[in-house]
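Student: Order-wise, the sequence lines are chains D and Y. Residue 529 in this note's numbering is what sits at position 211 of the first sequence, and the numbering runs on without skipping anything. Residue 354 in this note's numbering is what sits at position 36 of the second sequence, and the numbering runs on without skipping anything.
Protein chains: 2
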Amino acid sequence: TIADQNTELKIRELISSKYPSHGIIGEEYEQINTKAEFVWVIDPIDGTRSFIAGHKDFGTLIALLHNNEPVLGIINCPAHNERWVGIKDHQTTCNDNKVNTSSIQKIEDSYLFTSGQFFYEPFFKKGFEKIKEKSKYFRYGGDCYMYGMLASGLIDIVIEDTLKAHDYMALVNIIEGAGGKITDKFGKNVNIESDGSLVASCNPKIHQQLISIINS
Amino acid sequence: TIADQNTELKIRELISSKYPSHGIIGEEYEQINTKAEFVWVIDPIDGTRSFIAGHKDFGTLIALLHNNEPVLGIINCPAHNERWVGIKDHQTTCNDNKVNTSSIQKIEDSYLFTSGQFFYEPFFKKGFEKIKEKSKYFRYGGDCYMYGMLASGLIDIVIEDTLKAHDYMALVNIIEGAGGKITDKFGKNVNIESDGSLVASCNPKIHQQLISIINS
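#1: Taking Cβ-Cβ distances shorter than 8 Å, what residues in chain Y pair up with M318 (chain D)?
#2: If you reduce the DSSP assignment to three classes, tell me which class K454 (chain Y) lands in.
#3: Rounded to whole angstroms, what's the CA-CA distance from V517 (chain D) to I493 (chain Y)? Just pull it up for me.
#4: Within 10 angstroms of the Cβ of D407 (chain Y), are there 16 or more other Cβ atoms? Answer buried if so, exposed if not.
#5: Note down, in chain order, all residues in the segment 418-440 of chain D with a beta-carbon under 9 Å from any beta-carbon belonging to chain Y.
#6: The alpha helix (DSSP H) that contains L528 (chain Y), what's its start and end?
#7: Leaving out five residues on either side along the sequence, give the residues of the same chain with a beta carbon under 8 Å from the beta carbon of V508 (chain Y).
#8: Which residue's Cα is closest to the Cα of F442 (chain Y): Y:T480, Y:I510, Y:G372?
#9: Could you name the residues of the segment 442-472 of chain D whose beta carbon sits closer than 7 Å to any beta carbon of chain Y, in the order they occur along the chain?
#10: Grab me the residues of N413 (chain Y)'s own chain with a C-beta within less than 8 Å of its C-beta, minus the 5 sequence neighbours each way, in chain order.
#11: Check whether the segment 329-346 of chain Y touches the segment 454-461 of chain D, taking contact to mean three or more Cβ pairs, one atom from each stretch, closer than 8 Å.
#12: In angstroms, rounded to a whole number, what distance separates the CA positions of Q349 (chain D) and Y463 (chain D)?
#13: Can you name the start and end residues of the alpha helix (DSSP H) that Y465 (chain D) belongs to?
#14: Can you round the beta-carbon distance between T411 (chain Y) and V476 (chain Y) to whole angstroms, since I take them to be within the 8 Å contact cut?
#15: Using only alpha-carbon positions, find the residue among Y:C520, Y:S335, Y:I360 that is nearest to I342 (chain Y).
#16: Could you tell me which of D:P388, D:Q527, D:S519, D:C395 sits nearest to N418 (chain D), measuring between CA atoms?
#17: Classify N533 (chain Y) as buried or exposed, calling it buried when 16 or more other Cβ atoms lie within 10 Å of its own Cβ.
#18: Taking only the alpha-carbon atoms, compute the straight-line gap between F504 (chain D) and I529 (chain D) and give it to the nearest angstrom.
#19: Within the same chain, show all residues whose beta-carbon is closer than 7 Å to that of D513 (chain Y), passing over the 5 residues directly before and after it, in chain order.
#20: With burial defined as no fewer than 16 other Cβ atoms inside 10 Å of the residue's Cβ, what is the status of T319 (chain D): buried or exposed?
#21: In chain D, which residues lie with their C-beta within 9 Å of the C-beta of S368 (chain Y)?
#22: Considering only DSSP beta bridges, list what G377 (chain D) is partnered with.
#23: Comparing alpha-carbon positions, which option in Y:E346, Y:I392, Y:A397 lies nearest S368 (chain Y)?
#24: Measuring alpha carbon to alpha carbon, tell me which of D:H340, D:E345, D:G459 ends up nearest H373 (chain Y).
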């Protein structure tokens, strides 16, 4: 949409004027300088379909990578008036208040969200279905707001597929800085070349269970 | 949940003290006097799973039936600060402002929501998938807030299945008083004994197309 394009253009201008040597990966325009020491990864409006309809779960995602490793992530949800900020080796905040993921230990106690999109491989879809059956509660939908809810300990698991780097890079520091874990479907850390699968959860113990189920 | 039970109890008390002869159908407690001239149908918290998690799309649904026909419907979404009121033969309002459904004429221009729940019969699921493919945008999730968005013209179609009377009776006057149409999957008006399928749309013309696709 025009709103996506204009927002991305504005963010790109702000970055380029202040940090001309930095690389930029966005949703709407071409990649710049992706081998630079610092690279920004931006999704001007994550949840464009929510934004268009007037639903509130959309937001802006901004990540900063240093030597390909995420060091900063922002989820800004203006319609909810909530902004999560994650910085490597710091505790995640929401509207400047420190937040923690939940400490549940069993999938049977978990609250699972997914955007309800397509799962590419049958084994991943099957694993997702198994986890869904085991979970205590399940709900579709939520866009980037789901990951804020996860960082704040309101929900416990989010599983998605067919994502792009601009959809997930900003989430890494936010989830991990709140005590959670975020990997691809094989349990590997995500980077800008990951396959688009994403398993995000409230702590490493439950994460291990999720990855085991998906890959069993 | 306790919140559901307490809320329903409170609403039941308010009705019974003011209108002792009226019937009541709720989610949490037994049906009272369902053959009465006036019957209230209440869902204390529609979207309980959203409510528990802290997502904002939950709400209270209240319908009033006169001789089995809906004459009043309310969707109250406190976390969004939005309340829709529909009265038979009157225009629907949201926060006291009149609202209208959208006037789109083609499924190709439509914005479709569903809660993402189970579809009972294969033909209904297949019909839903066909409509989803044709629609311009599609999104899962939204609880009763979806129907408010439909009444306000933000989205165009909502399709669900496996609902109970307390899930849908309040929606009838709200959707129809805004210019929309709401029926079961066969295109029949819904009543407290309907089968739980629900097709809600922005106007009769597009509704006819939806029912045709589902039943072809």
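No residue lacks a Cβ here, since even glycine has one placed at the ideal position from N, Cα and C.
Tutor: Short version:
#1: As displayed, chain D neither begins before 319 nor continues past 534, which places residue 318 (chain D) out of reach and without an answer.
#2: Here DSSP, grouped into helix, strand and coil, assigns K454 (chain Y) to coil.
#3: Taking the straight line joining both Cα atoms gives about 38 Å.
#4: The C-beta of D407 (chain Y) has fewer than 16 other C-beta atoms within 10 Å across all chains shown, which makes the residue exposed.
#5: So the close ones are Y429, F431, T432, S433, G434, Q435.
#6: Where L528 (chain Y) is concerned, the enclosing alpha helix (DSSP H) stretches over 522-532.
#7: For V508 (chain Y), where only same-chain residues beyond five positions count, the Cβ hits under 8 Å are Y486, M487, V490, I500, T501, D502, L516.
#8: Selection Y:T480, Y:I510, Y:G372 evaluated against F442 (chain Y) yields Y:T480 as nearest (Cα-Cα).
#9: Flagged, chain order: Y455, R457, Y458, G459, G460, M467, L472.
#10: Contacts found: N399, E400, R401.
#11: Segment contact: the segment 329-346 of chain Y against the segment 454-461 of chain D, fewer than three CB-CB distances shorter than 8 Å; contact not assigned.
#12: Whole-angstrom Cα-Cα distance: 26 Å.
#13: Element bounds for Y465 (chain D): 463-469.
#14: With 8 Å as the limit, T411 (chain Y) and V476 (chain Y) do not qualify as a contact, their Cβ atoms being about 19 Å apart.
#15: When each option's Cα is compared against that of I342 (chain Y), the closest is Y:I360.
#16: Nearest Cα to N418 (chain D) within the set D:P388, D:Q527, D:S519, D:C395: D:S519.
#17: N533 (chain Y) is exposed by the Cβ-count criterion.
#18: Counting only the Cα atoms, I529 (chain D) lies some 6 Å from F504 (chain D).
#19: The residues D502, in chain order, have a CB closer than 7 Å to that of D513 (chain Y) in the same chain once the five nearest residues on each side in sequence are set aside.
#20: With a 10 Å radius around the Cβ and a threshold of 16 neighbouring Cβ atoms, T319 (chain D) comes out exposed.
#21: Those are R457, listed as they occur along chain D.
#22: The partner list for G377 (chain D) (beta bridge, DSSP) reads D:D364.
#23: Selected option, being the one with the closest Cα: Y:A397.
#24: Ranking D:H340, D:E345, D:G459 by Cα distance to H373 (chain Y) puts D:G459 first.
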